[in-house]
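The next block holds one structure in the form of structure tokens; read it before the comments.
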Amino acid sequence: MELVTVYRAFNPAEAQLVWSRLDAAGFHALVAHELSALSLDGYALAAGGILVQVPEPEASDARELLAAAPLPDEPEQA
385 MELVTVYRAF NPAEAQLVWS RLDAAGFHAL VAHELSALSL DGYALAAGGI
435 LVQVPEPEAS DARELLAAAP LPDEPEQA
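Going letter by letter, the sequence shown gives residues 385 to 462 in the numbering used here.
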């Protein structure tokens, strides 16, 4: 089964947050290139990001879920 990228992050925390949202909704998501990004400075940017991927049949629904409640651009200040 082919994997499809549904989200591209440039830091591991953001990629894991997206992965957890997909996983909680029952998608078979995985994070690719995360360890390389942690090992080498600038790798995530040079490689095109840390990829959150799902099997092709789940891609459309996963994108819908992520679009329905996007991540905030900046954290809220207390």
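Note that the Cβ used here is the ideal one computed from N, Cα and C, for glycine as well. This one's a predicted model, so the numbers in the text were calculated from it and none came from an experiment.
For residue i, count the other beta carbons within 10 Å of its own beta carbon; 16 or more makes it buried, fewer makes it exposed. Which is it?
i, result
"residue 394", "exposed"
"residue 413", "buried"
"residue 406", "buried"
"residue 446", "buried"
"residue 455", "exposed"
"residue 399", "buried"
"residue 410", "exposed"
Please determine, among the options, the residue with the shortest C-alpha to C-alpha distance to residue i.
i, options, result
"residue 448", "397, 385, 396, 402", "402"
Return yes when the Cβ of residue j is within less than 8 Å of the Cβ of residue i, no when it is not.
i, j, result
"residue 450", "residue 392", "no"
"residue 442", "residue 386", "no"
"residue 437", "residue 416", "yes"
Look up residue i in the DSSP assignment and give the residues it is bridged to.
i, result
"residue 390", "DSSP lists no partner for residue 390."
"residue 416", "435"
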